[in-house]
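Below is one structure, written out as structure tokens; the observations come after it.
Chains as they are written, first to last, in this note's numbering: chain U, 1 to 156; chain S, 157 to 183.
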């Protein structure tokens, strides 16, 4: 299901959901929930966006039913802890690689995915100042290291 | 026609909002 251009801002969160459907369905569920909530604010009126959002909602309802025995889905406070732990795990992996001078595509993706998951945490309420700073740092690092590698430079 | 179209869109939006609230056990 292609993300309509009006909902471009959620395409990476949606892609993260697809990438985690098998690896970690809880992460996939909350990434979809974030995409749904944000998508509705962006555009839920044009036919292509409505069609996309209705399908996304159908999928979310199906996932919630299938994962009903999982506390991270049935209790949002448990889900919040799961997503935060997962985001921090991604962040720490990339940060350790960075501090060891190991720059590669996987660590760039981990920094970027961590930043997307800090966005997803906003479905549970206002982000903590620490999470805001971690998101900013992870996003900046992902962009900076990506550009360095693209230009054949060694990140500092 | 414009009013009818926006009214339909608004109803569908409300329906999505309700489904979202239900999904999150808010109703």
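We put the CB at the ideal spot given by N, CA and C, even for glycine.
Keep in mind the model is a prediction, meaning the values are calculated, not measured.
Residue-chain proximity (residue i, chain S), Cβ-Cβ < 8 Å
i            : result
residue 44/U : yes
residue 40/U : yes
residue 57/U : yes
residue 60/U : yes
residue 54/U : yes
residue 64/U : yes
residue 36/U : yes
Backbone secondary structure at residue i - three-state DSSP
i             : result
residue 2/U   : coil
residue 155/U : coil
residue 131/U : helix
residue 126/U : coil
residue 173/S : helix
residue 110/U : helix
residue 101/U : coil
residue 43/U  : coil
residue 70/U  : coil
residue 21/U  : coil
residue 11/U  : helix
Cβ pair residue i, residue j closer than 8 Å
i             : j             : result
residue 63/U  : residue 172/S : no
residue 37/U  : residue 123/U : yes
residue 35/U  : residue 73/U  : no
residue 87/U  : residue 108/U : no
residue 32/U  : residue 60/U  : yes
residue 67/U  : residue 29/U  : yes
residue 134/U : residue 91/U  : yes
Any chain U beta carbon closer than 8 Å to residue i
i             : result
residue 169/S : yes
Report yes or no: do the segment 83 to 97 of chain U and the segment 111 to 122 of chain U share at least 3 C-beta pairs separated by less than 8 Å? yes
Inter-stretch contact at 8 Å, needing at least 3 Cβ pairs: the segment 2 to 9 of chain U / the segment 87 to 104 of chain U: no
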